[in-house]
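Following: one structure in structure tokens, then a few remarks.
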Amino acid sequence: QNHTTNHERTTHFICPAKMHGQTKIVYGSEAAKVRRQKKILAFQAATSDFESQLGKGDMTEAGFSLTTRVLDLNPEYYTAWNYRRRILQSFFDQADTAATLTAANSEEIAVPTPQSDAQRSPDKKKSHPEVGTPSPRERLLAELRYTAQHLAKHPKSYWLWFHRSWSCQQLHTQYSPCDWEHELELCTKFLNVDHRNFHCWNYRRWVASFPASKGTIAKEFEFTTGKIEQSFSNYSAWHQRSYLLPMCHTTEDSLQAALEEEFDFVKAAFYTDPSDQSAWFYHRWLVARSQHPDIEKRELEMCEELIELEPEAKWPLVTSVVLMVKLREKGFSEYEDRISVYLDKLEEVDPYRKMYYRSMRLRGGN
Numbered sequence: 001q002n003h004t005t006n007h008e009r010t011t012h013f014i015c016p017a018k019m020h021g022q023t024k025i026v027y028g029s030e031a032a033k034v035r036r037q038k039k040i041l042a043f044q045a046a047t048s049d050f051e052s053q054l055g056k057g058d059m060t061e062a063g064f065s066l067t068t069r070v071l072d073l074n075p076e077y078y079t080a081w082n083y084r085r086r087i088l089q090s091f092f093d094q095a096d097t098a099a100t101l102t103a104a105n106s107e108e109i110a111v112p113t114p115q116s117d118a119q120r121s122p123d124k125k126k127s128h129p130e131v132g133t134p135s136p137r138e139r140l141l142a143e144l145r146y147t148a149q150h151l152a153k154h155p156k157s158y159w160l161w162f163h164r165s166w167s168c169q170q171l172h173t174q175y176s177p178c179d180w181e182h183e184l185e186l187c188t189k190f191l192n193v194d195h196r197n198f199h200c201w202n203y204r205r206w207v208a209s210f211p212a213s214k215g216t217i218a219k220e221f222e223f224t225t226g227k228i229e230q231s232f233s234n235y236s237a238w239h240q241r242s243y244l245l246p247m248c249h250t251t252e253d254s255l256q257a258a259l260e261e262e263f264d265f266v267k268a269a270f271y272t273d274p275s276d277q278s279a280w281f282y283h284r285w286l287v288a289r290s291q292h293p294d295i296e297k298r299e300l301e302m303c304e305e306l307i308e309l310e311p312e313a314k315w316p317l318v319t320s321v322v323l324m325v326k327l328r329e330k331g332f333s334e335y336e337d338r339i340s341v342y343l344d345k346l347e348e349v350d351p352y353r354k355m356y357y358r359s360m361r362l363r364g365g366n
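Going by the numbering used here, the first residue of the sequence shown is number 1, and it counts up by one from there.
What follows is the structure in structure tokens.
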């Protein structure tokens, strides 16, 4: 006798597509399908009400609550985020107007006569915030809590990160300093879970740009070192490093000395896994910033050493071609034949891109 219930029956869906080398596996059940259908119906009802209020231009607390209802069901609904910001801005404008009127009234000389009472504008009384109405600062702090709650489930949502950055910027520029240290700690937590979350990396880079202290920039640079040492394939960390390095070293001499240290740092990644492209792209940025033939020759020798160790590795060959083309453009014609040989080799080791390498040959190796 089969005693299996709908709640116990589970279907395993295996998607052949891979993300970062990992196969995506989705688990479903009859009960999950029912819950999903209920959520869809609830979202349809919420969006219908939302679109009705949107058409009326409702800028009240009821309209704001409706955006929460919609976004709780689907935080990817960017129209609701846009409308939510419009309502918040309306609340802020009302609060600022009330504060201005309060300040103006406090400076007036009160004359307790019937005439002065009659002349007092009734609109001023209405423009004062009601008792219990959150201040703009309180509302923005609530938005930060709200986005953090949703980011825990949707850490790669463009709209959540954008709304959080808007809330921080409003808080920082209009009402009180934002706690940027807290924002960096939040990013660290998310990147500890998924070190390739480029949404979080972009947000972290934006946050780090606000406190213009050298100490903070240096601390961020060290953070990228730690992430890269955890995984050399962290492209976002390499990119962040290229963004921060010129900010850490503001003079040309200091920058050139730092670039030399970076050449040594990136070599550790090459010798660990020469097939990982992330470090090679950073290396290309280092070469472009240096722009010196002696450095290009030295790095070419390093690549040829790697080719001897790993003759089938693609990226040492590609980088060698790039370096030899740069040297040829500076008048070193002895690399012409070797460029052609390396392009032939690339067609062998990377046949899926052979037409690209043939295109490079037609362009003179570029």
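For glycine and all other residues, C-beta sits at the position ideal for the given N, C-alpha and C.
Could you tell me the distance, in whole angstroms, from the CA atom of residue i to the CA atom of residue j?
i, j, result
"Ala268", "Tyr235", "15 Å"
"Leu186", "Lys153", "14 Å"
"Asp72", "Lys227", "33 Å"
"Lys297", "Glu348", "25 Å"
"Ala110", "Ser135", "Confidence is the limiting factor: at Ala110 the pLDDT is only 49, short of 50, which leaves the residue's position unreliable, though a coordinate-based value still follows. For Ala110 and Ser135, the distance between alpha carbons rounds to 28 Å."
"Lys219", "Thr60", "43 Å"
"Met360", "Val322", "10 Å"
"Leu244", "Gly132", "44 Å"
"Glu222", "Trp206", "17 Å"
"Lys56", "Arg363", "59 Å"
"Gln277", "Cys248", "25 Å"
"Ser333", "Tyr342", "16 Å"
"Thr272", "Thr319", "17 Å"
"Ser176", "Gln169", "10 Å"
"Glu138", "Leu151", "20 Å"
"Ala46", "Phe64", "13 Å"
"Leu300", "Glu252", "24 Å"
"Ser209", "Tyr282", "21 Å"
"Ile217", "Trp166", "22 Å"
"Glu325", "Asp337", "Looking at the sequence itself, residue 325 is Val, so the reference to Glu does not match. Answer to the nearest angstrom: the Cα atoms are 11 Å apart."
"Arg164", "Val34", "33 Å"
"Ala98", "Phe91", "11 Å"
"Pro75", "Trp201", "20 Å"
"Arg36", "Gln44", "12 Å"
"Ala308", "Thr250", "Here residue 308 is Glu; the residue named in the question, Ala, does not match the sequence. In a straight line, the C-alpha of Glu308 is about 38 Å away from that of Thr250."
"Arg85", "Ala257", "46 Å"
"Ile40", "Gln94", "36 Å"
"Ser29", "Ala148", "29 Å"
"Ser242", "Arg284", "11 Å"
"Asp344", "Gln291", "27 Å"
"Phe232", "Asp264", "14 Å"
"Lys38", "Gln174", "41 Å"
Which same chain residues, not among the five before or five after residue i, have their C-beta less than 7 Å away from its C-beta?
i, result
"Leu66", "Asp49, Phe50, Gln53"
"Arg289", "Leu259"
"Tyr77", "Val70, Leu71"
Using a Cβ-Cβ cutoff of less than 6 Å, which residues in the same chain neighbour residue i once the five nearest sequence positions on both sides are dropped?
i, result
"Tyr161", "Looking at the sequence shown, residue 161 is not Tyr but Trp. Closer than 6 Å at Cβ, skipping near neighbours: His199, Tyr203."
"His172", "Cys178"
"Arg328", "Tyr335"
"Lys314", "Val349, Asp350"
"Cys303", "Pro316, Thr319, Ser320"
Residue i: buried (16+ other C-beta within 10 angstroms of its C-beta) or exposed?
i, result
"Trp280", "buried"
"Ile339", "buried"
"His239", "buried"
"Tyr146", "buried"
"Arg358", "exposed"
"Gly331", "exposed"
"Pro274", "buried"
"Pro246", "exposed"
"Ile370", "There is simply no residue 370 to check, as the chain begins at 1 and stops at 366 in what is shown."
"Glu262", "buried"
"Val287", "buried"
"Val193", "exposed"
"Val266", "buried"
"Glu312", "exposed"
"Ser254", "exposed"
"Asp96", "exposed"
"Glu181", "exposed"
"Ala80", "buried"
"Tyr83", "buried"
"Thr224", "buried"
"Leu346", "buried"
Kindly list the residues whose CB is nearer than 8 Å to the CB of residue i, restricted to its own chain and excluding five residues on each side of it in sequence; keep chain order.
i, result
"Asn197", "Pro155, Lys156, Phe190, Leu191, Ser236"
"Leu141", "Leu171"
"Ala62", "Gln53"
"Gln230", "His195"
"Leu306", "Phe270, Tyr271, Pro274, Ala313, Pro316"
"Glu143", "Leu88, His163, Arg164, Ser167"
With hydrogens ignored, establish whether the beta-carbon of residue i is closer than 7 Å to any heavy atom of the ligand ATP.
i, result
"Leu362", "Although the ligand ATP was asked about, the structure shown includes no ligands whatsoever."
- Contained alpha helix (DSSP H) runs [length at least 4] in the segment 132-217, N- to C-terminal order: 136-151, 158-170, 180-193, 198-208
- Which whole runs of the alpha helix (DSSP H) in the segment 35-115 are 4 residues long or more, in chain order? 61-73, 78-107
- Task: Just list the alpha helix (DSSP H) runs in the segment 337-363, keeping only unbroken ones of 4 residues or longer that don't cross its boundaries, in chain order.
- Result: 354-362
- Message: Which complete alpha helix (DSSP H) runs does the segment 223-253 hold, if anything under 4 residues is left out?
- Response: 235-248
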